[in-house]
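In UniProt numbering, the protein residues as written are 1 to 116. First the structure, in the form of structure tokens, and then the observations on it.
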């Protein structure tokens, strides 16, 4: 068994695929490491909006700021130390608030395919 410890300084942030806003992801553990989940950090600038149909199960832990997620049925807002879980197939809108946000995430299965 391999044990890993990560900090936000370990993340190499890249713009979230398919959008041009101030939303960045930094995978730290993914299919390249042989496990079934992807783990990383997310960084959202102030007042950013991302509309997405979830292709994976995604769990976000809010580390800084606030995130609101809307779907067709409800809306939830989470702040520091709270968790938002989204299921594969959910059509969601993810919105950061005026201070932006930093999250940690775990997805199953992997949300991003390795570059060729």
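For glycine and all other residues, C-beta sits at the position ideal for the given N, C-alpha and C. Here the structure is a predicted model, which is why all the values come from computation and not from measurement.
- Go through the region 38-114 residue by residue and report every complete run of the beta strand (DSSP E) that reaches 3 residues or more, in order. 38-44, 49-53, 57-70, 75-79, 83-86, 91-108
- Message: Would residue 92 and residue 69 qualify as a contact pair, given that the criterion is a beta-carbon distance under 7 angstroms?
- Response: yes
- Query: In terms of DSSP beta bridges, what is residue 26 paired with?
  - Reply: When DSSP reads this structure, residue 26 sits in a beta bridge with 41.
- Task: Classify residue 19 as helix, strand or coil using the three-state DSSP reduction.
- Result: coil
- Report, in whole angstroms, the separation of the C-beta atoms of residue 89 and residue 60, which I expect to be a contact under 8 angstroms. With a Cβ gap of about 17 angstroms, residue 89 and residue 60 do not count as contacting.
- Closest by CA to residue 80, which one among 100, 9, 94, 111? 100
- For residue 3, which of 97, 35, 66, 49 has the nearest alpha-carbon? 35
- Sequence-distant residues of the same chain with beta carbon closer than 6 angstroms to residue 21, five excluded per side: 48
- Roughly how many angstroms separate the alpha carbons of residue 13 and residue 82, rounded to a whole number? When rounded, the distance between both Cα atoms is 22 angstroms.
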